[in-house]
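Please read the structure below before turning to the comments.
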Amino acid sequence: MASAAAAAAAALARGAGARAAAVLLGGCGGAARGRPVCTAPGTAPDMKGYLWERYREAKRGTRDLVPSIMNNLLNPDAIFSNNEMSLSDIEIYGFDYDYTLVFYSKHLHTLIFNAARDLLINEHRYPVEIRKYEYDPNFAIRGLHYDVQRAVLMKIDAFHYIQLGTVYRGLSVVPDEEVIEMYEGSHVPLEQMSDFYGKSSHGNTMKQFMDIFSLPEMSLLSCVNEYFLKNNIDYEPVHLYKDVKDSIRDVHIKGIMYRAIEADIEKYICYAEQTRAVLAKLADHGKKMFLITNSPSSFVDKGMRYIVGKDWRDLFDVVIVQAEKPNFFNDKRRPFRKVNEKGVLLWDKIHKLQKGQIYKQGNLYEFLKLTGWRGSKVLYFGDHIYSDLADLTLKHGWRTGAIIPELRSELRIMNTEQYIQTMTWLQTLTGLLEQMQVHRDVESQLVLQEWKKERKEMRDMTKNFFNAQFGSLFRTDQNPTYFLRRLSRFADIYMASLSCLLSYDVSHTFYPRRTPLQHELPAWSDGARAPPPPPPPAAHARPCGRPTATRPHPAPPRPAPPRGRSRAAPPPPAGRAAVDSCAGDRRSWKRCQHAVLYLFRRPPVPPRPWSPGARPLRRSRAVSPRLAGAAVGARARVSGELRLPSPAPAAEPF
Numbered sequence: 001m002a003s004a005a006a007a008a009a010a011a012l013a014r015g016a017g018a019r020a021a022a023v024l025l026g027g028c029g030g031a032a033r034g035r036p037v038c039t040a041p042g043t044a045p046d047m048k049g050y051l052w053e054r055y056r057e058a059k060r061g062t063r064d065l066v067p068s069i070m071n072n073l074l075n076p077d078a079i080f081s082n083n084e085m086s087l088s089d090i091e092i093y094g095f096d097y098d099y100t101l102v103f104y105s106k107h108l109h110t111l112i113f114n115a116a117r118d119l120l121i122n123e124h125r126y127p128v129e130i131r132k133y134e135y136d137p138n139f140a141i142r143g144l145h146y147d148v149q150r151a152v153l154m155k156i157d158a159f160h161y162i163q164l165g166t167v168y169r170g171l172s173v174v175p176d177e178e179v180i181e182m183y184e185g186s187h188v189p190l191e192q193m194s195d196f197y198g199k200s201s202h203g204n205t206m207k208q209f210m211d212i213f214s215l216p217e218m219s220l221l222s223c224v225n226e227y228f229l230k231n232n233i234d235y236e237p238v239h240l241y242k243d244v245k246d247s248i249r250d251v252h253i254k255g256i257m258y259r260a261i262e263a264d265i266e267k268y269i270c271y272a273e274q275t276r277a278v279l280a281k282l283a284d285h286g287k288k289m290f291l292i293t294n295s296p297s298s299f300v301d302k303g304m305r306y307i308v309g310k311d312w313r314d315l316f317d318v319v320i321v322q323a324e325k326p327n328f329f330n331d332k333r334r335p336f337r338k339v340n341e342k343g344v345l346l347w348d349k350i351h352k353l354q355k356g357q358i359y360k361q362g363n364l365y366e367f368l369k370l371t372g373w374r375g376s377k378v379l380y381f382g383d384h385i386y387s388d389l390a391d392l393t394l395k396h397g398w399r400t401g402a403i404i405p406e407l408r409s410e411l412r413i414m415n416t417e418q419y420i421q422t423m424t425w426l427q428t429l430t431g432l433l434e435q436m437q438v439h440r441d442v443e444s445q446l447v448l449q450e451w452k453k454e455r456k457e458m459r460d461m462t463k464n465f466f467n468a469q470f471g472s473l474f475r476t477d478q479n480p481t482y483f484l485r486r487l488s489r490f491a492d493i494y495m496a497s498l499s500c501l502l503s504y505d506v507s508h509t510f511y512p513r514r515t516p517l518q519h520e521l522p523a524w525s526d527g528a529r530a531p532p533p534p535p536p537p538a539a540h541a542r543p544c545g546r547p548t549a550t551r552p553h554p555a556p557p558r559p560a561p562p563r564g565r566s567r568a569a570p571p572p573p574a575g576r577a578a579v580d581s582c583a584g585d586r587r588s589w590k591r592c593q594h595a596v597l598y599l600f601r602r603p604p605v606p607p608r609p610w611s612p613g614a615r616p617l618r619r620s621r622a623v624s625p626r627l628a629g630a631a632v633g634a635r636a637r638v639s640g641e642l643r644l645p646s647p648a649p650a651a652e653p654f
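The sequence shown begins at 1 in the UniProt record's numbering and counts up one residue at a time.
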């Protein structure tokens, strides 16, 4: 929805400015809407009134645009494409297990948090008082960075800049001034960032939390930090990070989490019917399927029996457990081992990966040799962008699909009227600021400072729509997040869950939207020239309130139409002229509004026969081809809500 808001913002800013300028140039009688701006003979123009008139006109235009945007809501069950891909080319489908085939309820994160907290107390001798802290599901989001040496959690954008206001030490936000002093600005150098897999190693001081299982770890780190800070206890942040990391790891390795889920599987596992429907659909179309997971054999078997049934192995041509990804994709030495029905590892050499059998460990190179599955015929789904997808797309040419459960909730927020109103006005106000910054007089600068203050307040409000501490998973204030940068690089397609596949035919082609580059965009203002300030009154300017029949700058007469032709409206202009045309009369404004809708018509998603409760995609209002020209200009100002980030710096090999 903010995409449409961004597309219209430049037009709104220009249109408001043209009308306000006409008011200033034409005197009191020229203001049909809004308070007139008048100047006495020989005096300077009223800059404050001029700027606020532009502000009011832009705000009225924003309010007029919102209902039209509401007719083009986003579909939470859609699949989004970073790279063109046709499912007709896919013959083999691969899956991770956790948070891909199986989804867990909110109770699991509480279980992990409590178990790791108790391990800190019992095995690492941490104060028993930390037991008073409980897991808060609304505190952290995925994709955050943790500075191991400074013990601060933060959100970083695609260009390595910290989003101020999202830096937390413990459970308290760090003031912006302290952050800037700590990092000598807000930029984090490449050598301090996490390594290729998001880890803090080889001199890197940052750890990026990329998987959903990391949410309890971030909360536990913050809670223990908070306890030490509140009680003035001196501690080593590096030791705290390693102890919490080991405790979270032990919850998995020691089987605490696995035993709890197996003991009450209905409490922890959800979305079973949708996963079963996806697998059945692919099997009915003759697709080969395989499973590669880091989870143990008995745990996967019990979960798949609950989701699919006792014969779940018959759906998969290959099943590999405890693969130890991402090492599985890089290690060429580790052989496969067969697991028998009792879970015992066999020692015989593997010459063929048989259907219905379960294998442990191994490596991808041996997997490719035994199956012959190579290249772009394979599509693998996973939730961890680094461990599941990065190596497959960079080294082996597989197609990749990312499962991002948070996407569905964010799209629902973006479909709300409050969010649409806020984002539309925020983008319009940004355009006004860029246009009006050329006015350097004291009166104008005071107005601009008020606008900047309002813009900051609206940015904070936008962040709070998603998460009060860290905002959206995909955006900082303006730029894509570091998380989205990696998602765009390593995933061909992404979606909220595998159930989204039910809305598409197995021969469907996903086309990414063309994202304009910055040099392909017109500026909020004309880029080549700054908007001129209002001219001083002419010698014949009349006093305020007196009627006049003359204008200081009369408009040129319109040429008469050729004989024999009707006075039909001229076709809409293309390119920048389309945006500029919105600065005219009210009819032009309506044309630009409809052009924005034309841009954001979304292709209809087929109904979902497997999931009757799914919400179908709403069709947008049809727009005549006559408006396509105006759409070209409006398209240039689009800044999509999930816009691809700029290419990575040359210093980074990935």
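Backbone N, C-alpha and C define an ideal beta-carbon position, used for all residues, glycine too.
- D391 is classed as buried because its beta carbon has at least 16 other beta carbons within 10 Å across all chains shown.
- Each residue's CA atom was taken as its position, placing I180 and K155 some 14 Å apart.
- Distances from the alpha-carbon of I358 to those of G401, K325, V148 and P296 put P296 closest.
- Relative to C500, the option among F228, R276 and R485 whose CA is nearest is R276.
- If you compare the alpha carbons of M414, N330 and D314 with that of G356, the shortest gap goes to D314.
- With a 10 Å radius around the Cβ and a threshold of 16 neighbouring Cβ atoms, T509 comes out exposed.
- 8 Å or more divides the Cβ of A491 from the Cβ of G372.
- The Cβ-Cβ distance between S222 and Y168 falls below 8 Å.
- Spatial neighbours of N467 in its own chain (CB-CB distance under 6 Å, excluding positions within 5 residues in sequence) are listed in chain order as I141.
- The region 109–117 and the region 300–318 do not touch, with fewer than three beta-carbon pairs separated by less than 8 Å.
- A direct Cα-Cα distance of roughly 39 Å separates K48 from L473.
- Per DSSP, L220 lies in no beta strand (DSSP E) segment; the continuous alpha helix (DSSP H) that holds it begins and ends at S214 to K230.
- Counting C-beta pairs with one atom in each stretch, the region 444–463 and the region 363–371 have fewer than three that are closer than 8 Å, which means they do not touch.
- Residue pairing by DSSP puts F95 in a beta bridge opposite L291 and F381.
- Taking 8 Å as the cut-off, the beta carbon of G397 is found no closer than this to the beta carbon of G431.
- Taking all protein chains in view, the Cβ of H351 is surrounded by fewer than 16 other Cβ atoms within 10 Å, so the residue is classified as exposed.
- In the structure shown, Q208 falls within a strand segment according to DSSP collapsed to helix, strand and coil.
- Under a 10 Å Cβ-count criterion, L220 is classified as buried, with 16 or more other Cβ atoms of the shown protein chains found around its own Cβ.
- Counting C-beta pairs with one atom in each stretch, the region 428–444 and the region 100–110 have fewer than three that are closer than 8 Å, which means they do not touch.
- Secondary structure in the region 118–193: the alpha helix (DSSP H) runs of 4 residues or longer, each lying completely within the stretch, are 176–183 in chain order.
- Of all C-beta pairs linking the region 63–80 to the region 406–419, three or more are shorter than 8 Å, placing the two stretches in contact.
- For secondary structure counted as the alpha helix (DSSP H) over 4 or more consecutive residues, the region 259–303 holds these complete runs in sequence order: 265–268 and 272–284.
- With 16 or more other CB atoms across the displayed protein chains lying within 10 angstroms of its CB, W425 is buried.
- In this chain, Y494 is not harboured by any alpha helix (DSSP H); it is covered by the beta strand (DSSP E) spanning I493 to M495.
- For a cut-off of 8 Å, the C-beta gap from I212 to Y99 is around 5 Å, short enough to register as a contact.
- Bridge partners of I358 according to DSSP: V319 and V339.
- For I162, the closest C-alpha among the options D176, E324 and S172 is that of D176.
- Per DSSP, reduced to three states, the secondary structure at Y104 is strand.
- L345 has V339 as its beta-bridge partners, per DSSP.
- The Cβ atoms of F139 and Q469 sit closer than 8 Å to each other.
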